[in-house]
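**Student:** Those protein sequence lines, which keep their order, are chains H and R.
According to the working numbering, the first sequence is numbered sequentially starting from 1.
According to the working numbering, the second sequence is numbered sequentially starting from 1.
Even for Gly, the Cβ is constructed at its ideal location relative to N, Cα and C.
2 protein chains.
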Amino acid sequence: MLPYEHFGYIGPMTDSPNDVTPDRLCKADALPPSDQHAQQYAAVRNAHETELLEDYVELIADLLEHQGEARSTDIAARMGVSQATVSKTVTRLKSLGLVSSKPYRSLFLTEKGEAMAAMSHQRHAIVLQFLRALGVSDRTARIDAEGMEHHVSQETLEIMQRYTREQGHRDV
Amino acid sequence: MLPYEHFGYIGPMTDSPNDVTPDRLCKADALPPSDQHAQQYAAVRNAHETELLEDYVELIADLLEHQGEARSTDIAARMGVSQATVSKTVTRLKSLGLVSSKPYRSLFLTEKGEAMAAMSHQRHAIVLQFLRALGVSDRTARIDAEGMEHHVSQETLEIMQRYTREQGHRDV
DNA sequence: CCTACAAGTTAACCTTGGCTAAAATAGTGT
DNA sequence: ACACTATTTTAGCCAAGGTTAACTTGTAGG
Ligand SMILES: [Mn+2]
Ligand SMILES: [Mn+2]
Ligand SMILES: [Mn+2]
Ligand SMILES: [Mn+2]
Chain H
1 MLPYEHFGYI GPMTDSPNDV TPDRLCKADA LPPSDQHAQQ YAAVRNAHET ELLEDYVELI
61 ADLLEHQGEA RSTDIAARMG VSQATVSKTV TRLKSLGLVS SKPYRSLFLT EKGEAMAAMS
121 HQRHAIVLQF LRALGVSDRT ARIDAEGMEH HVSQETLEIM QRYTREQGHR DV
Chain R
1 MLPYEHFGYI GPMTDSPNDV TPDRLCKADA LPPSDQHAQQ YAAVRNAHET ELLEDYVELI
61 ADLLEHQGEA RSTDIAARMG VSQATVSKTV TRLKSLGLVS SKPYRSLFLT EKGEAMAAMS
121 HQRHAIVLQF LRALGVSDRT ARIDAEGMEH HVSQETLEIM QRYTREQGHR DV
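(1) Using a Cβ cut-off of 7 Å, pull out every chain R residue sitting near S72/H, in sequence order please.
(2) Just checking: is the beta-carbon of L93/R within a distance shorter than 8 Å of some beta-carbon in chain H?
(3) In chain order, what are the residues with a CB under 7 Å from some non-hydrogen atom of ligand 4?
(4) Are the beta-carbon atoms of L128/H and A145/H separated by less than 8 Å?
(5) Since T89/R and L98/R should fall inside the 8 Å C-beta cutoff, what is the C-beta to C-beta distance between them, to a whole number of angstroms?
(6) Suppose the cutoff is 6 Å on Cβ atoms and the five residues either side in sequence are ignored; what does the same chain contact list for T164/R look like?
(7) To the nearest angstrom, how far is it from the Cα of L31/H to the Cα of Q154/R?
(8) For ligand 3, I want to know if E49/R counts as a neighbour, meaning its beta carbon is within less than 7 Å of at least one of the ligand's heavy atoms.
(9) Within its chain, find whatever has a CB closer than 8 Å to the CB of V136/H; leave out the 5 residues flanking it on each side and keep chain order.
(10) In chain R, which residues lie with their C-beta within 9 Å of the C-beta of G97/H?
(11) Can you pull the DSSP bridge partners for S106/R?
(12) Please report whether the beta-carbon of V44/R lies at a distance below 8 Å from any beta-carbon of chain H.
(13) Tell me whether S95/R sits in a helix, a strand or coil according to DSSP, three-state version.
(14) Comparing alpha-carbon positions, which option in G80/R, A70/R, S120/R, K102/R lies nearest H151/R?
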């Protein structure tokens, strides 16, 4: 069931970027202080709380823009998930005030939902364009961006933006 | 509860890397075909199935290396989670054949667990070093890497490695 | 108009990953 | 040996995100 029977091979690689390991070859790198380490994991758990919501509102906004309406059938197809699952998640989105709809009708975003969609879309685009600028293939960049986007801080986003901009001016 | 009341501001930014939008200013960018889009989300769901396991075995390996033993108290402290939660997750890790221990004793990794820990550690290190090479601060890089690592494909990992290596030779 | 079929909802179930509170075990010091 | 403390486990709770199967509603054709 779990896809971890095969561990995809990661070419030749040592622990440090340049092979030599100049100073201390003892004790790899030490663990960060316990409380800081805990905050790292907490940040990840935090991101997990909102990522599905972000993907939903982003997708709903895209459907509204590109097809004129957001039907839960389309969401189910695009998310690769059953309609029942979409229905339940939409209930949650409504209870959070992100989405509005009348029963058996198609979906709309509230102001708050639109704001979240806009932020998510922008962040998603920055990550995707950055990966492409790095040289990642379109297909892979889309897959990686879909997951990475939820774990990229403001600081990193700005650096990615700058890299993409400069890289775009350099060669193309 | 949900931390999405405030939307962290992302500086001035338009949709395309260079501001001008040369050709089509109509219709942003189109949605990918439905089945491809579904595969993106499926890949993310897939990563979510293993990421906690990966973090656990990685942490257990680190504790074994740096402290000589892996006690569930330490794991709980480092993960920022209750001991009961650790106990339950460890049960799952054991049932998956990744961890072994006798009741009330500290933890060890099986062969399989060590293999997973080694892969995860390596991938984590590549992502962390890449972020630092990009110019992200240590603290932020650690936080982002903790989440991103689980969503970075082989292809992207190799590109990150190459970037880090070249960047390391360029200035430093 | 009414009937089929498509679309949406609900019910019942499952696993994961959190929690608290209480019970069991291990280890330590006197 | 025994009692106290720290550690680990268990039990019972919860929410999220998934499933299938059955039910309801909307809509388009004849
Ligand atoms: Mn997105
Ligand atoms: Mn996403
Ligand atoms: Mn890791
Ligand atoms: Mn991680």
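**Tutor:** Per the coordinate set shown:
(1) Correct list: empty, because the minimum Cβ distance to chain R is about 14 Å.
(2) no
(3) V44/H, E51/R, E54/R, D55/R, H124/R, E146/R, G147/R, E149/R, H150/R
(4) yes
(5) Not confirmed; about 11 Å, so no contact.
(6) Q129, F130, A133
(7) 26 Å
(8) no
(9) D144
(10) Residues of chain R passing the Cβ test: none, with the nearest at roughly 10 Å.
(11) Answer is none; S106/R lacks a bridge partner.
(12) yes
(13) helix
(14) S120/R
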